[in-house]
Amino acid sequence: MTEALKTAKELLLTPASLDEQGIEKLFRSMRSHHIDDADLYFQSCSFESWYLEDSVVKSGSFSLDKGVGIRAVSGDKTGFAYCDDILLPTMLRAAEAARSIAVAGANSLQALHAHNRAVPRYEAFNPIDGMSKQEKIALLEAIDKEARRIDPRVVQVNASLSGCYEVVMVADMHGQMHADVRPLVSVNVSVIVEDKGRRESARSGGGGRVAYSYFTEKERA
């Protein structure tokens, strides 16, 4: 079992007391209704953002979305349904909706099957938990101070810091399960410079599938 799949099961299935047997029960219910193929797409996405304006952190937000999409294929017809709750009873109802769409002959969105073992391109970690609230605020304040230090003509600095932690898992009716853990962080800065009554603005930003500490290493931020 890959580290990503282990993480996905712990985050997506364990809280709902769901396991492979429960998933197989759902697929069995679909097989008995003339479904040729089906898969489940589990997803959890945590997002946070921090915003600094005029040397003051003025806002911070956090959101968490979680759910599962179900695809059912009958012949050349595809049905798709989605539920916000990762609970077996809710998933069974969504599976029935997807099956009904497919059997009725209405095409819908079709997810991709991934049967090959993927090579990890980045570490499976949660960047949001990697830095405390105080450290995130301190990073924004350091950006503000550095921008003003570099050029005394800077009269306004706006800086934002955001992080995302997305975990996805795909299970198909052939018993295969695949997962991916996708961390993502970014920093964006805009400044206004004033000289002899004339104002100019500029902005820059960057990020990647790394930890927040990336911005404090080698003075990148």
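Start counting at 1 in the sequence shown, then tack on 1, and there's your number in the numbering used here.
Heads up, the beta-carbon is just placed ideally off N, CA and C, and yes, glycines get one too.
Nearest-angstrom Cα separation, counted from V186 out to I102: Linking I102 to V186 through their CA atoms gives a straight-line distance of about 38 Å.
Closest residue to G80 among P184, E97, I129 (Cα-Cα distance)
Just measuring C-alpha positions, the residue of P184, E97, I129 sitting nearest G80 is E97.
- prompt: Whose C-alpha, out of A39, P184, T3, is nearest the C-alpha of P128?
  reply: P128 has its Cα closest to that of P184, out of A39, P184, T3.
* So what's H114 in DSSP terms, helix, strand or just coil? -> Model confidence at H114 stands at a pLDDT of 35, short of 50, so the residue's coordinates are unreliable and nothing is read from them.
>> Can you give me the C-alpha to C-alpha distance between A172 and D40, rounded to a whole angstrom?
In response: If I take the Cα positions, the gap works out to 6 Å.
Quick one: grab the DSSP three-state call for I193.
Look at I193 here: in three-state DSSP terms it is strand.
Proximal residues to D20 (C-beta, below 7 Å), its chain only, five neighbours per side dropped: The residues are L14.
**Study point:** Residue burial classification, F63 (beta-carbon count within 10 angstroms, cutoff 16)
**Key:** Answer is exposed; the Cβ neighbour count stays below 16.
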